[in-house]
Amino acid sequence: MAADTADVEPTDGEARVTVRRRGNVHGDASFRWWTESGTAKPGRDFAPEVPRLEQIPDGRDSVSLIIPILSTPHGKSKSFYVVIDRTESGGAALGGRTLTMVTIQPTD
3 MAADTADVEP TDGEARVTVR RRGNVHGDAS FRWWTESGTA KPGRDFAPEV
53 PRLEQIPDGR DSVSLIIPIL STPHGKSKSF YVVIDRTESG GAALGGRTLT
103 MVTIQPTD
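Dropping the structure here:
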C-alpha cells in the first residue's frame, strides 16, 4: 500500500487507497483485499468489502482500491481499515505495507 493512512473529506463520496508493487512491472500481480471496521461501521458509514481478488495489470505499477463512503460523521472522525492478505501470483512483488487506516473527516 502506498500510505499508512488516508483521509476522506465528507464530500468525496469514496475512499481511494493506492496499492503499489515494487520490482519490475512485467506480468500481472494479484492480491486479496478487504475492509475491516474501526469506529466507522460497515454498511452504515462505508460499503464493506469481503475478501476479493484485485489485479495490477502487466506494465502498471499500481492500482487504486475504491471504497464507497455511505455517510459522513457529524462531529467526530470515523475510521476503518483496508487490508491486503498476500500476493496470489508471480510477477512483481507488492510492497511491505499491508494495512491502511481510512479516516472519514467530520463535517464542519
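If you're matching positions, the sequence shown starts at 3 in the working numbering and goes up one per residue. Heads up, the beta-carbon is just placed ideally off N, CA and C, and yes, glycines get one too.
- Going by DSSP, residue 37 is part of the beta strand (DSSP E) stretching over 31-39.
- Your pair residue 84 and residue 35 checks out as a contact, with CB atoms roughly 6 Å apart and the cut at 8 Å.
- Here residue 73 carries a coil assignment [DSSP, helix/strand/coil].
- Under the three-state reduction of DSSP output, residue 13 falls in the coil class, being neither helix nor strand.
- Judged by DSSP secondary structure, residue 105 falls within the beta strand (DSSP E) whose first and last residues are 101-106.
- With contacts defined as CB atoms closer than 8 Å, residue 17 and residue 8 qualify as a contacting pair.
- Excluding five sequence positions before and after residue 39, the CB atoms of its chain that fall closer than 6 Å to its own CB belong to 82, given in chain order.
- Within the same chain, Cβ atoms closer than 8 Å to the Cβ of residue 48 are found at 17, 37, 42, 69, 70, 71, 72, 82, 104, 106, the five residues on either side in sequence being excluded.
- In this structure, residue 20 sits away from residue 79, with a CB-CB distance that is not shorter than 8 Å.
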